[in-house]
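Novice: In terms of this note's numbering, the first sequence opens at residue 5 and continues consecutively. All C-beta atoms, glycine included, are put in the ideal place defined by N, C-alpha and C. Mind having a look at this structure? Questions to follow.
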Amino acid sequence: MNQPIRVRFAPSPTGPLHIGGVRTALYNFLFAKKNNGAFILRIEDTDQTRLVEGATAYILDSLKWCGIMPDEGPEVGGDYGPYVQSERKEIYQKYIHELIASGHAYYAFDTQAEIEQKRASEKENGNANWQYDASTRMQMRNSLTLGENQTAELIASGASFTIRAKIEPNHTIVFTDIIRGKVSVNSEVLDDKVLFKSDGLPTYHFANIIDDHLMKISHVIRGEEWLPSTALHTLLYSFFGWDAPLFSHLPLILKPDGKGKLSKRDGDKMGFPVFPLNWQSADGETYTGFREQGYLPEAFINMLALLGWNPGTEQELFGLSELEEIFSLEKVNKSGARFDPDKTKWFQQQHLKTQSNATILNSIKYSLPPNQYTELQLESICGLMKERVVFANDIVREAPYFFTEINEYDTKTIEKKWKDNSAELLQALLSDFNQIGDFTAHNIEVCFHEFINKREIGLGQLMPVLRLSLTGLGNGPQIFEIAAVLGKSEVHKRIEKAISQISIA
RNA sequence: GGCCCAUUCGUCUAGUGGUAAGGACGUCAGGUUUUCAUCCUGGUAACAGGAGUUCGAUUCUCCUAUGGGCUACCA
C-alpha cells in the first residue's frame, strides 16, 4: 500500500539547463530526500532534431555543482534503466501497439504539410481553432477512414505515418495537483495528439507516461507549462489501466522586471546569470553561469529553494541538508515568481560569510597573484575581507594592497586627512612600531594607542593617514590587522614611501 | 481566438472568517566603526476591482480586469 517515493527530473538535452530547470530538479531532489525516496534523472532525447551536443554533459555537471545527485540515472545506473529515452525505443514500440490494439490509438498518414495546409485554409474560413480531433479525424487519411486492409498495405509499402491518440469528446478529465488542487479539463478541447512520430520515436507525451509508469514514479513534479497536457497524460494512463502518479506543477520563474518567463537572453542583457554554469553553443553564443560569476552553490541553491517555496517560518538561510529535512510540496506557491538579482547577491554574501577562511582561500587560491605569504597569512586576508565582499574572487580586487606595492594614494583621503604634521607623526609612530617585538595586530594596536595618548592627539588624526600609507586607500578592514599581515618590514617600507611621496605632492 | 492556471508592500513571501496584516531583499533615516563593509535600531510600503455568502471578509463563491502558460510529427 505504502509505495516508495520515486521522483524524476527529466530534462531534454536541447541546450544548457536554465535556473527554472535547476529549481525543478532541486524540488524533486528535496522531496525525494525528505521522504526517503529516490531521485531519478532521465534524459528525454526523443526529439533527435533538437539535440545539442554537450547538453547532457552540461546537465550532469550542473546538478553535480549544485550537489543534487541522482540516485538513478544515466551515469549511476539503476534497476529501471536505461535512463536515456533514445535507448528505450523497443519499449515504446511494444506499448504503442497495445494502444492500437485496444483502439485507443490509430495510424495517421497525413503529412505535416497537409495538416498545416488544412489548418491555414480553415483559418481563412474563420475557424482559428482547427485541430485533429474527433470532429475532424474522419476527414483525414488515417486507419479509421482507410480501413484495415489499406492501412496495412500502406504500412507495408513503407509509407510514413504517425500514431495518434484517439480522444473521445465530452468527458471531463479531473486530476488532483498537489499544489493547485483539483483541475478539470473537458476532453473536447484535447486533440488527437501524436504519440509516435514518423521517425519511429515517441513524443514526449507518450514516452513520459510509459517511463514514469515503468520506472514506478510516484510523484511527477514539473513546471507549470505541463499543466494543460496533464489531462492527456491522465487519459493515457487510463487507456493502459494504470494508476497515474501524483502531479505537482511548479510555478514559473519570471523576469525581474515586468512579466514573462525568464529567458536565456534576459540574463546577459540585464547583467545577471540565468544558467548555473558557463555555456558556449556551437554557433558561438555564450552565456555566463552562476558558478563562474563567483556564486557558491549553497547560495544558488538557497536562493532557488526560496523562489516559489518557503517553510512558513522566518528562517531564510538554509543549507542543502536542512532543506532536505523541511521541504514540502504543500508549501510551494501557486503563482510565478520574479527572479530577484539583488536578493540573490544577498544570499551569496550571507553564505560567503559563513565559510571558513581556509575554505575561501582554497576557492581563490588559483587566481591569487604571486606573493610571499604563508597559508596562515592568506587565510587571515580572506578572513578580513569576507565580510566586505559579495564574491570570494572580489577579495584581490578589493584589497590589492596585500599583493602589490602602493604607487598611488587616494587623493580624496589626502585632501581630507593629510595634514602638515602627518609626516612627522608617521615618522614618530614608525619608530615606536620598530620597538614592537611580536608584530601582531594586538601589539600594534596597543602601541598605536600608547602613541596617540602620549602625543595627546585623536585617532582621527593618525589612523586615516596610517591606512593611506599602508593601503593607498581611504577605507578597508581594521588597519592593525592589515599591518600585521603585511609584516614589520613591509610596514616600515610603506610608511617611509608614503611620507616621501605624499609630502612631495 | 480557445483552454488551463494564477493575483498580499517595488520584489520574494507569512498569515487568518474578527490581526496593529508579520518577515526578508531593496530603499530611506539614525547608531556602532578612524573609514568602507558588516552589524544594530527605526521608517517606508500590500490584501487588483466589483458583486454576493456572512453579524463580520484579505481569507469562501461568482464576475471583471490583469498576468502567465498551453494550443507542433518540441520538450
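Please state the DSSP three-state secondary structure of HIS548.
Specialist: A query on residue 548 cannot be resolved here, the shown segment of the chain reaching from 5 to 509 and no further.
Novice: Check whether the region 191 to 210 and the region 162 to 171 are in contact - that is, three or more C-beta pairs closer than 8 Å.
Specialist: A contact exists between the region 191 to 210 and the region 162 to 171.
Novice: First and last residue of the alpha helix (DSSP H) that includes TYR111?
Specialist: In the first sequence, the residue the question calls residue 111 occupies position 107. First-last for TYR111: 109 to 112, but that is the beta strand (DSSP E), not the alpha helix (DSSP H).
Novice: Would you call the region 475 to 493 and the region 405 to 424 in contact, with 3 or more CB pairs under 8 Å?
Specialist: Contact holds: three or more Cβ-Cβ distances are below 8 Å.
Novice: Evaluate GLY245 with the Cβ neighbour count: other Cβ atoms within 10 Å of its Cβ, from every protein chain shown; 16 or more gives buried, anything less gives exposed.
Specialist: Counting from one through the first sequence, the residue named residue 245 turns up at place 241. It is exposed - the Cβ of GLY245 has fewer than 16 other Cβ atoms within 10 Å.
Novice: Closest by CA to PHE294, which one among GLY271, LYS93 and THR18?
Specialist: As a position in the first sequence, residue 294 is number 290, starting the count at 1. With distances taken between Cα atoms, PHE294 lies closest to GLY271.
Novice: Taking the beta carbon of GLN376 as the centre, do at least 16 other beta carbons fall within 10 Å, making it buried, or is it exposed?
Specialist: Within the first sequence, the letter at position 372 stands for residue 376. It is exposed - the Cβ of GLN376 has fewer than 16 other Cβ atoms within 10 Å.
Novice: With a CB to CB cut of under 8 Å and the five nearest residues on each side skipped, what residues in its chain are close to LEU356?
Specialist: Walking along the first sequence from the start, residue 356 turns up at place 352. Excluding positions up to five away in sequence, the list reads LEU300, ALA303, ILE364, LYS390, VAL393, VAL394, PHE395 and ALA396.
Novice: Tell me the residue span of the alpha helix (DSSP H) that contains THR53.
Specialist: Working through the first sequence from its first residue, we reach residue 53 at position 49. That residue, THR53, is in no alpha helix (DSSP H); it is neither H nor E in DSSP.
Novice: Output the distance between the C-alpha atoms of VAL336 and LEU30, rounded to the nearest integer angstrom.
Specialist: Sequence index remark: in the first sequence, residue 336 carries index 332 (1-based). Sequence index remark: in the first sequence, residue 30 carries index 26 (1-based). Looking at the two C-alpha atoms, the distance is approximately 13 Å.
Novice: Going by the beta-carbon positions, is the gap between ARG54 and ARG12 smaller than 7 Å?
Specialist: Residue 54 sits at position 50 when you count from the first residue of the first sequence. Residue 12 sits at position 8 when you count from the first residue of the first sequence. Their beta carbons are not under 7 Å apart, which means ARG54 does not touch ARG12 by this criterion.
Novice: Is it the case that the region 177 to 189 contacts the region 123 to 134, given that we only count it when at least three CB pairs across the two stretches are under 8 Å?
Specialist: The answer is no - the region 177 to 189 does not touch the region 123 to 134, with fewer than three Cβ pairs under 8 Å.
Novice: From what residue to what residue does the alpha helix (DSSP H) around ASN411 run?
Specialist: As a first step, residue 411 is located in the first sequence; it is residue number 407 there, counting from the start. From DSSP, ASN411 is part of no alpha helix (DSSP H); its letter is neither H nor E.
Novice: Mapping DSSP to helix, strand and coil, what is SER285?
Specialist: Residue mapping note: residue 285 aligns to position 281 of the first sequence, counting from 1. SER285: coil per DSSP, three-state reduction.
Novice: Name, in chain order, the residues that DSSP records as bridge partners for PRO206.
Specialist: Taking the first sequence and counting its residues from 1, one reaches residue 206 at position 202. Per DSSP, PHE200.
Novice: Just checking my contact of GLN354 with LEU321 at CB under 8 Å: how many whole Å lie between their CB atoms?
Specialist: Residue numbering aside, residue 354 sits at position 350 when the first sequence is read from its first letter. Residue numbering aside, residue 321 sits at position 317 when the first sequence is read from its first letter. That belief holds up - the Cβ atoms of GLN354 and LEU321 are roughly 6 Å apart, short of 8 Å.
Novice: Based on DSSP bridge pairs, tell me the residues matched to GLY81.
Specialist: In the first sequence, residue 81 corresponds to position 77, counting from 1. DSSP lists GLY77 as partners of GLY81.
Novice: Which whole-angstrom value is the C-beta distance of ASP49 and SER16, which I expect to be below 8 Å?
Specialist: For the purposes of this step, residue 49 is taken as the residue at position 45 of the first sequence. For the purposes of this step, residue 16 is taken as the residue at position 12 of the first sequence. That pair is a contact at about 6 Å.
Novice: Could I get the ranges of all uninterrupted alpha helix (DSSP H) runs contained in the region 347 to 402, with 4 residues as the minimum, in chain order?
Specialist: Runs found: 361 to 368, 379 to 389 and 399 to 402.
Novice: Assuming LYS347 and MET307 form a contact by the criterion Cβ under 8 Å, report the distance between their Cβ atoms to the nearest whole angstrom.
Specialist: Position 343 of the first sequence, counted from the start, is the residue given in the question as residue 347. Position 303 of the first sequence, counted from the start, is the residue given in the question as residue 307. Contact holds; Cβ gap of about 7 Å.
Novice: Can you tell me whether MET73 is buried or exposed, with buried defined as 16 or more other CB within 10 angstroms of its CB?
Specialist: Here residue 73 corresponds to residue number 69 of the first sequence, with the count starting at 1. MET73 comes out exposed.
Novice: Do the region 111 to 121 and the region 231 to 246 meet, that is, are 3 or more Cβ pairs less than 8 Å apart?
Specialist: With the cut-off at 8 Å, the region 111 to 121 and the region 231 to 246 do not touch.
Novice: What's the gap between the Cα of ASP75 and the Cα of ASN40?
Specialist: What you label residue 75 is simply residue 71 of the first sequence in a count that begins at 1. What you label residue 40 is simply residue 36 of the first sequence in a count that begins at 1. Cα to Cα, ASP75 sits roughly 11 Å from ASN40.
Novice: Which same chain residues, not among the five before or five after MET5, have their C-beta less than 8 Å away from its C-beta?
Specialist: Counted from its first residue, the first sequence places residue 5 at position 1. Legend: pLDDT at MET5 = 41, less than 50; position of this residue unreliable, value from coordinates given subsequently. Excluding positions up to five away in sequence, the list is empty.
Novice: If PHE251 sits next to ILE100, beta carbons under 8 Å apart, how far is it from one beta carbon to the other, in whole angstroms?
Specialist: Residue mapping note: residue 251 aligns to position 247 of the first sequence, counting from 1. Residue mapping note: residue 100 aligns to position 96 of the first sequence, counting from 1. Not a contact, Cβ separation roughly 23 Å.
Novice: Got a sec? Which residues, its chain only, sit under 7 Å from PRO173 by beta carbon, not counting five neighbours each side?
Specialist: Within the first sequence, numbered from 1, the residue matching residue 173 stands at position 169. Contacts found: ALA138, SER191 and GLU192.
Novice: Starting from the Cα of GLY387, find the closest Cα among ARG27, GLN154, PHE343 and GLU485 and give me that residue.
Specialist: Within the first sequence, numbered from 1, the residue matching residue 387 stands at position 383. The shortest C-alpha separation from GLY387 is found at GLU485.
Novice: My parser needs the alpha helix (DSSP H) runs of 4 or more residues fully inside the region 275 to 322; what are they?
Specialist: Taking only runs of at least 4 residues, the alpha helix (DSSP H) segments lying wholly in the region 275 to 322 are 294 to 297 and 301 to 310.
Novice: Bridge partners of HIS253, per DSSP?
Specialist: As a first step, residue 253 is located in the first sequence; it is residue number 249 there, counting from the start. DSSP output for HIS253 lists ARG226 as bridge partner(s).
Novice: Take PHE165 and list the residues in its own chain whose beta-carbon comes closer than 8 Å to its own, dropping the five residues that flank it on each side.
Specialist: The residue labelled residue 165 in the question sits at position 161 within the first sequence. Counting only Cβ-Cβ distances below 8 Å, and skipping sequence neighbours, we find TYR111, ALA112, PHE113, LEU158, ILE159 and SER202.
Novice: Quick one: using the 10 Å Cβ neighbour count with 16 as the cut-off for buried, is LYS458 buried or exposed?
Specialist: In the first sequence, residue 458 corresponds to position 454, counting from 1. Label assigned to LYS458: exposed.
Novice: In whole angstroms, give me the CA-to-CA distance for ILE213 and ALA42.
Specialist: Along the first sequence, one-based indexing puts residue 213 at 209. Along the first sequence, one-based indexing puts residue 42 at 38. When rounded, the distance between both Cα atoms is 18 Å.
Novice: So what does DSSP say about THR444, is it helix, strand or coil?
Specialist: By one-based count along the first sequence, residue 444 stands at place 440. Of the three classes helix, strand and coil, the one that applies to THR444 here is coil, per DSSP.
Novice: Taking Cβ positions, are LYS38 and GLU328 nearer each other than 7 Å?
Specialist: Taking the first residue of the first sequence as position 1, residue 38 is located at position 34. Taking the first residue of the first sequence as position 1, residue 328 is located at position 324. Yes.
Novice: Keeping to the same chain, check which residues put their C-beta closer than 7 Å to that of SER125; ignore five residues upstream and five downstream.
Specialist: Stepping through the first sequence from its first residue, residue 125 is reached at position 121. Closer than 7 Å at Cβ, skipping near neighbours: no residue.
Novice: Only counting the same chain, and skipping five residues up and downstream in sequence, which positions put a Cβ closer than 6 Å to that of MET144?
Specialist: As a working note, residue 144 is residue 140 in the first sequence. Hits under 6 Å: ASP114.
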